[in-house]
Amino acid sequence: MIKEREEILTAIREIMVEMFEMDEQAITLEAKLYEDLDFDSIDAVDMIVKLKEMTGKAIKADDFKTARTIGDVVEAVYKMVND
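UniProt numbering numbers the first residue of the sequence shown as 1 and each following residue consecutively.
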């Protein structure tokens with residue numbers, strides 16, 4: 001199971017490249033989901049489903065409502081898997 005922040009970032013990169021055909025180089029901790037990556041709410045739901053499959057943890061969409069950057073998503077997943 002992924003537990004470290006770097007592993008989480010790598011997993012998120014793989015999801016975003018595979019599912020949303022994003023440029024891997026653009027997916028940095030500082031990248032803004034909506035402004036930089038054109039990531040919308042439907043994409044977010046799809047990613048939450050994929051993260052649930054990868055972590056085996058129930059993920060609530062509310063946990064990601066305040067996420068604005070890839071770093072925010074990494075931190076939310078990190079807290080969830082290490083609780």
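Ideal Cβ placement from N, Cα and C applies to all residues, glycine included. A quick note: this is a predicted structure, and the numbers were derived from the prediction, not measured.
- Between Ile27 and Ile70, the CB-CB gap stays under 8 Å.
- If you look at Asp46, you'll find it in the alpha helix (DSSP H) that goes 41 to 55.
- Proximity to Ser41 across Val77, Asp62, Ala76, Ile8 peaks at Asp62, based on C-alpha coordinates.
- For Thr69, the secondary structure class from DSSP, reduced to helix, strand or coil, is strand.
- Annotation: Glu14 to Asp36 spans about 17 Å, alpha carbon to alpha carbon.
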